[in-house]
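So in my numbering, spot 100 of the sequence shown is number 100, and the numbers just go up one at a time.
Every residue gets a Cβ at the ideal spot worked out from N, C-alpha and C, and that includes glycine.
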Amino acid sequence: MKKISILMFLCICSLSAVFAGNTRSNSGARAVALGQSSISFRDLWAVANNQAGIAFLKRPVLGVAYEERFRMKEMSLKTVAFALPTNRIGNFGASFTYFGDTEYNESRINLAYGRMLGEHFAMGVAFDYIGMSVEGNSESASAGTVTGELGIMAEPIENLWLSAHVYNPFGVKISEANYEEKLPTLLRFGALYHFDEDLLFVAEIEKDIDYDVRVKAGVEYTVLDKFIFRGGIATKPTEYSGGFGLRLKSFCLDLTHRI
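What follows is the structure, encoded as structure tokens:
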């Protein structure tokens, strides 16, 4: 019987950009702690960050995440994710993300697929259903749409990983009778380098077609193969982050804080 790895994630944010498309936030405490550099990791959260990464998983993984912005529960972000490797036809994953409360909320259902195309190259795709709902005193409104994602990941030389990912490439909008808003279109390029088994550096460039380029970077150091320390920075707006992880045989707990 295959073992299932379980991940948990808690992130408390004192300051965070808030905009339509909150469910598009980087998933997983590891990425948030590393300056929100997210597309170069081969872990469960690649289901939502860069689907090429799930192609490298060897066993089923289940994870839950909770992020609280401005320390306000009505601005919390909750995610559950699952990945299922197969022997021959690639790996599958799914995630559900919910932002907000009963008065205003956004949700994202993500179905992902990743496949190895050689020993050092992988590609992934995803389809997302994005929903928004507003409850008022006299009326309410809801809307939803479907968009997609595409990602690649490669190891051109030993210990160096290069990644690219696009979210909402066709500029899909979410709309109903009296409301219309364009979902963000994001282009991201990343790199990750392992100096040794315990130390890695990750960096990423992100371009929202409607905003300036963001640069993100972070460092991760592992002690005794169990205790993980992380720190990162992102620009425009400037954000600092740090975190701690505990890795056991089939369980991992991550805590992150950013300002």
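Residue i burial status per 10 Å Cβ neighbour count (16 or more: buried)
i: H120; result: exposed
i: E103; result: exposed
i: G279; result: Only positions 1 to 259 of the chain appear in the structure, and residue 279 is not among them; the question remains open.
i: A17; result: Residue placement at A17 is poorly supported in this model, since its pLDDT is 35, which falls under 50; the coordinates are not used for a value here.
i: C13; result: Because the pLDDT of C13 is 47, which lies under 50, any placement of that residue in the model is unreliable, and the number read from its coordinates should be weighed accordingly. Buried, by the Cβ-count rule.
i: F260; result: The first residue shown for the chain is 1 and the last is 259, placing residue 260 beyond what the model contains.
i: K236; result: exposed
i: V223; result: exposed
i: Y240; result: exposed
i: S250; result: exposed
i: M1; result: Bear in mind that a pLDDT of 45 at M1, under 50, signals an unreliable position, so the number given afterwards is only what the model happens to contain. Its Cβ having fewer than 16 others within 10 Å, M1 is exposed.
i: D254; result: buried
Sheet register partners of residue i (DSSP bridge)
i: A143; result: M132
i: D208; result: L186
i: G114; result: N91 and G124
i: G151; result: G124 and H165
i: R230; result: E220 and G243
Proximity winner among the options, relative to residue i (alpha-carbon distances)
i: R115; options: A46, Y221 and T238; result: A46
i: Y66; options: F96, G53, Y113 and I89; result: F96
i: Y221; options: E206, R59 and G242; result: G242
i: Y167; options: S175, G151 and N178; result: G151
i: F82; options: A234, F195, L62 and R88; result: L62
i: N87; options: R188, A55 and T79; result: A55
Short Cβ contact (8 Å threshold) for residue i with residue j
i: A126; j: G148; result: yes
i: A48; j: A122; result: no
i: E234; j: G90; result: Here residue 234 is Ala; the residue named in the question, Glu, does not match the sequence. No, the pair does not count as a contact, with Cβ atoms beyond the cut-off.
Just checking, does the region 155 to 162 make contact with the region 170 to 184 on the three C-beta pairs under 8 Å criterion?
-> At 8 Å Cβ cutoff, the stretches do not touch.
Is the number of C-beta pairs between the region 218 to 230 and the region 29 to 43 that are closer than 8 Å three or more?
-> Yes, the region 218 to 230 touches the region 29 to 43.
Would you say the region 60 to 77 touches the region 117 to 136, given that touching needs at least three Cβ pairs under 8 Å?
-> Because the criterion of three Cβ pairs below 8 Å is not met, the region 60 to 77 and the region 117 to 136 do not touch.
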